[in-house]
Amino acid sequence: MPFARISHVAHYVPEQIVTNTDLAAMMDTSDEWIASRTGIRERRISQNQQTSDLATEVAKQLLTRSGLEAQDLDFILVATITPDSMMPSTAARVQANIGASKAFAFDITAACSGFIFALSTAEKLIASGIYKHGLVIGAEVLSKVVDWQDRRTAVLFGDGAGGVLLEASPERQFLLESLHTDGARGEALKSSYQGLASPFSVEQESHLSLEMDGRAVFDFAIRDVVASLKEVLGRSDLAPDEVDYFLLHQANNRMLDKMARKLSVDRKKLPANMMRYGNTSAASIPILLSECIEEGTITIGSGQRLVLAGFGGGLTWGVLLLTI
Ligand code: ACO
Numbered sequence: 001m002p003f004a005r006i007s008h009v010a011h012y013v014p015e016q017i018v019t020n021t022d023l024a025a026m027m028d029t030s031d032e033w034i035a036s037r038t039g040i041r042e043r044r045i046s047q048n049q050q051t052s053d054l055a056t057e058v059a060k061q062l063l064t065r066s067g068l069e070a071q072d073l074d075f076i077l078v079a080t081i082t083p084d085s086m087m088p089s090t091a092a093r094v095q096a097n098i099g100a101s102k103a104f105a106f107d108i109t110a111a112c113s114g115f116i117f118a119l120s121t122a123e124k125l126i127a128s129g130i131y132k133h134g135l136v137i138g139a140e141v142l143s144k145v146v147d148w149q150d151r152r153t154a155v156l157f158g159d160g161a162g163g164v165l166l167e168a169s170p171e172r173q174f175l176l177e178s179l180h181t182d183g184a185r186g187e188a189l190k191s192s193y194q195g196l197a198s199p200f201s202v203e204q205e206s207h208l209s210l211e212m213d214g215r216a217v218f219d220f221a222i223r224d225v226v227a228s229l230k231e232v233l234g235r236s237d238l239a240p241d242e243v244d245y246f247l248l249h250q251a252n253n254r255m256l257d258k259m260a261r262k263l264s265v266d267r268k269k270l271p272a273n274m275m276r277y278g279n280t281s282a283a284s285i286p287i288l289l290s291e292c293i294e295e296g297t298i299t300i301g302s303g304q305r306l307v308l309a310g311f312g313g314g315l316t317w318g319v320l321l322l323t324i
């Protein structure tokens with residue numbers, strides 16, 4: 001049986017930068033409030049691009065960097081909670097855009113854990129021995145689902161995409177994982193559901209824009225996600241400081257401070273870029289990985305140990321331990 005390895009990483013963000021000060025001109029907020037509570041200073045906002053457009057840019061970069069043809073791809077997974085449409089899927093649109101006619105493609109909906117769940121799924125597809133090359137992309141245009149009248153959520157999110165090319169390999173790169181869902185607590189985060197009128201239903205539930213119980217989600221991340229991180233480290237027999245980097249979902253810098261303290265690791269091992277992009281949900285971890293590779297802190301083929309962890313709507317959370 002082959003193993004799977006990440007061979008290339010790429011990201012793409014829309015050009016338009018919206019700063020906290022820009023937002024303060026639109027709603028009752030301030031750079032001081034947003035930056036001190038979350039670390040976020042600015043975010044990218046798409047004007048005319050949909051999620052599939054951002055994901056397609058990532059897919060094209062991955063093909064160019066790898067030298068593969070679109071025809072060489074066996075599958076494309078896109079993790080997103082802001083699909084262009086439910087059908088066709090965003091992944092199917094990317095498949096068409098790049099002409100990957102031999103690839104099957106589907107979306108994964110697991111909010112800010114989406115990239116982790118998709119990467120775990122893709123690793124199993126490659127390890128089956130049936131497929132050799134696949135794209136795993138996290139892409140979001142959250143600016144289209146937040147309520148721009150609601151300062152409690154509008155200031156937190158941004159648009160972007162990132163992804164990896166996964167290939168069959170004789171060497172094991174994915175070491176351990178821990179994936180979770182607690183649907184019973186799902187009401188803490190919800191978005192974009194509109195019931196259409198039907199002659200067979202009486203009441204239609206609708207909540208179109210994103211709603212979040214920020215405090216509940218913060219507490220969940222500190223308690224449940226840290227517990228899963230510790231559990232994976234325990235199973236690995238690695239001390240936390242034997243991990244080179246923890247690439248955690250980029251929701252809140254204060255949250256990362258607290259997680260580092262609870263894990264007893266140097267905060268420098270938890271890189272952050274939410275100051276520039278806000279919370280990009282499924283895109284946040286691959287954008288961060290791609291930037292770390294671009295700036296040289298992480299090198300593919302170096303054998304560095306990485307922990308990746310996503311957490312958010314569902315509730316969902318997932319931890320992967322790998323060497324890169
Ligand atoms: N500007 C100014 N004031 C604000 C703003 C704003 N943008 N937003 C809220 N406030 C006010 C509130 O109205 C409240 O005022 P009040 O005390 O007069 O009622 C006060 O600030 C405090 O509000 P809280 O919501 O209690 O603020 P808190 O300290 O909890 O911070 C935050 C909010 C940043 C959202 C934090 O709870 C958080 O980061 N939670 C986690 C979010 C997260 O991790 N999400 C990940 C998953 S997302 C996904 O899956 C799609």
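Read in order, the letters of the sequence shown correspond to residues 1 to 324 in UniProt numbering.
For every residue, glycine included, the Cβ atom is placed at its ideal position computed from N, Cα and C.
### Query
Measuring CA to CA, which of PRO271, LEU238, VAL243 and SER264 is closest to ASN252?
Ranking the options by Cα distance to ASN252, first place goes to PRO271.
- Which residues bound the beta strand (DSSP E) around VAL307? Unbroken beta strand (DSSP E) run through VAL307: 305–312.
- Range covered by the alpha helix (DSSP H) that runs through residue 351: Given that the chain is displayed from residue 1 to residue 324, the structure contains no residue 351 and the question cannot be resolved.
Status (buried if at least 16 other CB within 10 Å, exposed otherwise) for ARG235
Exposed.
Count the other C-beta atoms from every protein chain shown that fall within 10 angstroms of the C-beta of ARG215, then say buried if there are 16 or more, exposed otherwise.
Per the 10 Å Cβ criterion, exposed.
Q.
Would the region 137–144 count as touching the region 264–283 if we require 3 or more Cβ pairs under 8 angstroms?
A. Contact between the region 137–144 and the region 264–283 is established, with three or more Cβ pairs separated by less than 8 angstroms.
| task | Measure the CB-CB distance between PHE174 and LEU322 and report whether it falls below 7 angstroms. | result | Yes, these two residues count as a Cβ contact at 7 angstroms.
Boundaries (first-last residue) of the beta strand (DSSP E) holding THR181: The continuous beta strand (DSSP E) containing THR181 extends over residues 174–181.
* Simplified DSSP state of MET274, which is helix, strand or coil -> Helix.
>> Could you check whether GLU177 and SER7 sit closer than 7 angstroms to each other, using their CB atoms as the reference points?
In response: 7 angstroms or more divides the Cβ of SER7 from the Cβ of GLU177.
### Residue range of the beta strand (DSSP E) that includes ILE76
Where ILE76 is concerned, the enclosing beta strand (DSSP E) stretches over 75–79.
- Nearest-angstrom Cβ-Cβ length linking residue 342 and ALA309, presumed shorter than 8 angstroms: Coverage of the chain is limited to positions 1 through 324, which leaves residue 342 absent and any answer about it impossible.
Point to revise | Spatial neighbours of THR82 in its chain, beta-carbon cut-off 7 angstroms, leaving aside the 5 residues before and after | key: If we look at THR82 and ignore the five residues flanking it on each side, its Cβ neighbours are THR51, GLU140, VAL141, LEU142, LYS144 and VAL145.
Could you spell out the range, first to last residue, of the beta strand (DSSP E) harbouring SER284?
Careful: SER284 lies outside any beta strand (DSSP E), inside the alpha helix (DSSP H) at 284–295.
Q) Can at least three beta-carbon pairs, one atom from the region 62–82 and one from the region 15–33, be found at a separation below 8 angstroms? A) The answer is no - the region 15–33 does not touch the region 62–82, with fewer than three Cβ pairs under 8 angstroms.
Could you tell me the distance, in whole angstroms, from the CA atom of ALA59 to the CA atom of SER169? Rounded to whole angstroms, the gap between the alpha carbons of ALA59 and SER169 is 20 angstroms.
| message | Once DSSP output is grouped into helix, strand and coil, what is the label at THR109? | response | Three-state DSSP puts THR109 in coil, outside helix and strand.
| said: I want to know whether the region 287–305 touches the region 256–274 - three or more CB-CB distances under 8 angstroms. | reply: Contact between the region 287–305 and the region 256–274 is present: three or more C-beta pairs spanning the two stretches fall below 8 angstroms.
beta-carbon ALA4 near ligand 1 non-hydrogen atom, thresh 6 angstroms
Checking the Cβ of ALA4 against ligand 1 gives no.
(request) Using only alpha-carbon positions, find the residue among ALA221, PHE157 and VAL232 that is nearest to ASP257. (result) Distance from the Cα of ASP257 is smallest, within the candidate group ALA221, PHE157 and VAL232, for ALA221.
| said: Could you tell me the alpha carbon to alpha carbon distance between ALA79 and LEU125, rounded to whole angstroms? | reply: Roughly 16 angstroms separates the two Cα atoms.
Next item on the list: Assign ALA127 to one of three DSSP states: helix, strand, or coil.
Entry: Residue state, collapsed to three classes: helix.
Quick check on ALA25: buried or exposed, where buried means 16 or more other Cβ atoms within 10 Å of its Cβ? Under this definition ALA25 is an exposed residue.
(request) Please work out which residues of its chain come closer than 8 angstroms, Cβ to Cβ, to CYS112, disregarding the five sequence neighbours upstream and downstream, and give them in chain order. (result) Once the five neighbours on either side are set aside, the close Cβ partners of CYS112 are HIS249, ALA251, ASN279, SER281, ALA282, SER284, GLY310, PHE311, GLY312, GLY313 and THR316.
By Cβ distance, which residues of its chain are closer than 7 angstroms to SER192, with the 5 residues on each side in sequence left out? So the qualifying residues of the chain are VAL145 and LEU208.
Notebook entry, point to check: residue 326: beta carbon under 6 angstroms from a heavy atom of ligand 1?
Noted result: No answer is possible for residue 326: the residues shown for the chain start at 1 and end at 324.
Q) Measuring CA to CA, which of ARG5, THR21, PRO2 and ASN48 is closest to GLU15? A) The shortest C-alpha separation from GLU15 is found at ASN48.
Notebook entry, point to check: Between which two residues does the alpha helix (DSSP H) carrying THR323 extend?
Noted result: Element bounds for THR323: not the alpha helix (DSSP H) but the beta strand (DSSP E), 316–323.
Exercise. Can you tell me whether DSSP reads THR19 as helix, strand or coil?
Worked result: Strand.
Compute the beta-carbon to beta-carbon distance between ILE17 and MET275, rounded to the nearest angstrom, for a pair I have assumed lies under 8 angstroms. ILE17 to MET275, Cβ: 12 angstroms. No contact.
Margin query: Restricting to runs no shorter than 4 residues, where is the alpha helix (DSSP H) found entirely within the region 237–275?
Written below: Along the region 237–275, the alpha helix (DSSP H) occurs as fully enclosed runs of 4 or more residues at 253–263, listed in sequence order.
Assuming LEU77 and THR109 make a contact with CB atoms under 8 angstroms, what is their CB distance in whole Å? The beta-carbon separation of LEU77 and THR109, rounded to 11 angstroms, does not stay under the 8 angstroms limit for a contact.
Check: Terminal residues of the continuous alpha helix (DSSP H) containing ILE34?
Finding: Unbroken alpha helix (DSSP H) run through ILE34: 31–38.
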